[in-house]
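Position one of the sequence shown corresponds to residue 8 (our numbering), numbered consecutively onward.
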Amino acid sequence: MRFAIGLALAGLLALSPAGPAAAVPDTARGLTVTDAITLPGTKVYPEGVALDPRTGDTYITSFATGAVYRAPQGQTQAQVFLPAGTDGRDTAMGTDVDEQGRLWVNDRDAVTLYDTATGARLARFVTPTPGQSVLNDLDLTPDGTAYITDSLRQLVYRVTPWQIAEAVSADGADRTLSTGFDLNSLVAPHAEGTITLNGIESDHTGGFLITVDMATGDLFRLDPATGGAAKVAVKGGTGLATADGLLLEKDQLWVAHFGTDMISRLSLSHDGTAAVVEKQLGNPALQHPTTMVRKDGAIHVVRSQFGSATLDLPFNIGRISGI
Numbered sequence: 008m009r010f011a012i013g014l015a016l017a018g019l020l021a022l023s024p025a026g027p028a029a030a031v032p033d034t035a036r037g038l039t040v041t042d043a044i045t046l047p048g049t050k051v052y053p054e055g056v057a058l059d060p061r062t063g064d065t066y067i068t069s070f071a072t073g074a075v076y077r078a079p080q081g082q083t084q085a086q087v088f089l090p091a092g093t094d095g096r097d098t099a100m101g102t103d104v105d106e107q108g109r110l111w112v113n114d115r116d117a118v119t120l121y122d123t124a125t126g127a128r129l130a131r132f133v134t135p136t137p138g139q140s141v142l143n144d145l146d147l148t149p150d151g152t153a154y155i156t157d158s159l160r161q162l163v164y165r166v167t168p169w170q171i172a173e174a175v176s177a178d179g180a181d182r183t184l185s186t187g188f189d190l191n192s193l194v195a196p197h198a199e200g201t202i203t204l205n206g207i208e209s210d211h212t213g214g215f216l217i218t219v220d221m222a223t224g225d226l227f228r229l230d231p232a233t234g235g236a237a238k239v240a241v242k243g244g245t246g247l248a249t250a251d252g253l254l255l256e257k258d259q260l261w262v263a264h265f266g267t268d269m270i271s272r273l274s275l276s277h278d279g280t281a282a283v284v285e286k287q288l289g290n291p292a293l294q295h296p297t298t299m300v301r302k303d304g305a306i307h308v309v310r311s312q313f314g315s316a317t318l319d320l321p322f323n324i325g326r327i328s329g330i
């Protein structure tokens, strides 16, 4: 637990510009943030959020404890779904829910699948380098394949539907993650221990994925068909450094900036090879945003409060507008 928080705060907050350079654009006044879902507890520090496509229920992970919370559709108060310490987990990060009602939860070294109806563990995929990885974010393509970023090793792991079925049939026994993309030749040089690859999103067809290097703000396009990866050509704006979670809807890409309390919106080319920053707005009420999800027609953002000198309790997920 201490490793996770220490690593994240040292690697993420250190990326934030200091002094005047940290100021968001003047147009930031147009971004509004309102409370949407509250979380019980005083040490939650939420990190990931996912929407069940079948029920509309919202799942939120706790970076500080490893617990997972659930807010049923239409409710504004989340409750514990998986307690802290479930399967030995003391931190939880990226999360998603697939079409079969399976909840995916990342910790540092593994991604675990759970039945949303019962909370039962279904499968677990472990990094080949325990203790040397940080499994950060994940996304599912339309064919049911999962892609998971490793922020310390500059890798994106892949779990195919066949691998999922095989692992579930083995009563949840551990399986080893396999590499889908190796971005070590593309990610800019950095100090050992730097948090790099973070958010990842598939386009609506599954033809490509976009991931981001938090340290530099570089975007990368991943091609599942070929296994190729390339840097996205980005124009405009003030850069995407401290980028955390992503939200991709057709040709619109939103970026949550953890270190500067800002959201960027980009227009993405149809093939995902180029992007233009259309708007960058900030608001201290974002409280160190980590990621986003579209819920009930509005973007909802995780307000982590990592590193905040004074906590604004209860922890909550915010609804944003203006971008």
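From the three backbone atoms N, C-alpha and C, an ideal C-beta is built for every residue, glycine too.
Bear in mind the structure is a predicted one, so any value in this text is a computation, not a measurement.
Around the C-beta of residue i, are 16 or more other C-beta atoms found within 10 angstroms, so that it is buried, or is it exposed?
| i | result |
| --- | --- |
| A130 | buried |
| L320 | exposed |
| D138 | It is Gly, not Asp, that sits at residue 138 in the sequence shown. Counting Cβ neighbours within 10 Å, G138 comes out exposed, since fewer than 16 surround it. |
| R187 | The sequence given here places Gly at residue 187; Arg does not occur at that position. By the 10 Å Cβ count, G187 comes out buried. |
| S276 | exposed |
| D181 | exposed |
| S69 | buried |
| L318 | exposed |
| A71 | buried |
| Q331 | It is not possible to answer for residue 331, since the shown part of the chain is limited to 8 through 330. |
| T83 | exposed |
| D251 | buried |
Reducing DSSP to helix, strand and coil, say where residue i ends up.
| i | result |
| --- | --- |
| D150 | coil |
| Q259 | strand |
| D94 | helix |
| S176 | helix |
| P32 | Any reading at P32 must be qualified, since the residue scores a pLDDT of 42, below 50, and its modelled position is unreliable; no value is offered. |
| I171 | helix |
| P196 | coil |
| P291 | helix |
| G234 | coil |
| G187 | strand |
Given residue i, which residues of its chain have a CB within under 7 angstroms of its CB, disregarding the five upstream and five downstream residues?
| i | result |
| --- | --- |
| S158 | V141, N143, I202, T203, L204 and N205 |
| P79 | D64 |
| A28 | Unreliable positioning characterises A28 in this predicted model, as indicated by a pLDDT of 34, which lies under 50. A coordinate reading is not provided. |
Suppose contacts are defined by Cβ-Cβ distances below 7 angstroms. Is residue i in contact with residue j by that definition?
| i | j | result |
| --- | --- | --- |
| D97 | G73 | yes |
| G224 | L247 | yes |
| I327 | V308 | yes |
| V219 | R228 | no |
| T332 | G329 | Residue coverage of the chain in this structure runs from 8 to 330, which leaves residue 332 outside it and unanswerable. |
| T65 | L58 | yes |
| L190 | A236 | yes |
| G126 | N113 | no |
| T156 | G213 | no |
List the whole-angstrom C-beta distance separating residue i from residue j, where the pair is believed to meet the contact cut-off of C-beta under 8 angstroms.
| i | j | result |
| --- | --- | --- |
| V118 | L145 | 6 angstroms |
| Q287 | G325 | Contact flag wrong, Cβ pair sits at about 18 angstroms. |
With a threshold of 6 angstroms on Cβ separation, who are the neighbours of residue i within its own chain once the five nearest residues in sequence on each side are excluded?
| i | result |
| --- | --- |
| G184 | It is worth fixing the name first, because residue 184 is Leu in this sequence and not Gly. For L184, where only same-chain residues beyond five positions count, the Cβ hits under 6 angstroms are F132, T134 and Y164. |
| A305 | R326 |
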